[in-house]
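Okay, structure first, notes after.
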Amino acid sequence: MFVGSLELDVLLGDIRSLKQKRSALRPLLADVRKRFDVSVAEAGHLDLHRRALVGVAVVAADGEHVRDVLDACERFVAARPELELLSARRRLLGPDDD
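Shown next, in the form of structure tokens:
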């Protein structure tokens, strides 16, 4: 079993409140979840209205599949015109990791 996680630090466009931030993130999270069948959530920068840390997690039997899914998620988010991807950090745990 392989478990992969991806942290995406994003800068949102013309957002002036936390309420607007949630409204902008909700469709993004739903699209990622539906398109790639992964777990996804806002996982950080909760008190900042123009920044968000989006966490993505996937579990699969093959490590290469996990990497492919995380790559596709990163490209999908980076291509969104309403935000700027500032950084991406990933982790992969496999059967040999303790």
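To convert, note that position 84 of the sequence shown is 84 in this note's numbering; the numbers rise steadily by one, no gaps. Glycine is no exception: its CB is placed at the ideal position from the N, C-alpha and C atoms.
Check, Outcome
"On the premise that residue 11 lies in contact with residue 50, defined as a C-beta separation below 8 Å, what is that separation, rounded to the nearest angstrom?", "6 Å"
"From residue 102 to residue 52, what distance separates their C-alpha atoms?", "Examination of residue 102 is not possible in this model, given that the chain is present from 1 through 98 alone."
"In this structure, does DSSP put residue 52 in helix, strand or coil?", "strand"
"For my contact list, residue 40 and residue 55 are in at a C-beta cut-off of 8 Å; report their separation, rounded to the angstrom.", "7 Å"
"Grab me the residues of residue 15's own chain with a C-beta within less than 8 Å of its C-beta, minus the 5 sequence neighbours each way, in chain order.", "21, 24, 49, 50"
"Here's the rule I'm using: 16 or more other beta-carbon atoms within 10 Å means buried, otherwise exposed. How should residue 86 be labelled?", "exposed"
"Please list, in chain order, all residues of the same chain as residue 19 whose beta carbon is under 7 Å from its beta carbon, the five residues on each side excluded.", "none"
"Where do the ends of the beta strand (DSSP E) carrying residue 10 lie?", "2-12"
"Could you tell me the distance, in whole angstroms, from the CA atom of residue 3 to the CA atom of residue 17?", "34 Å"
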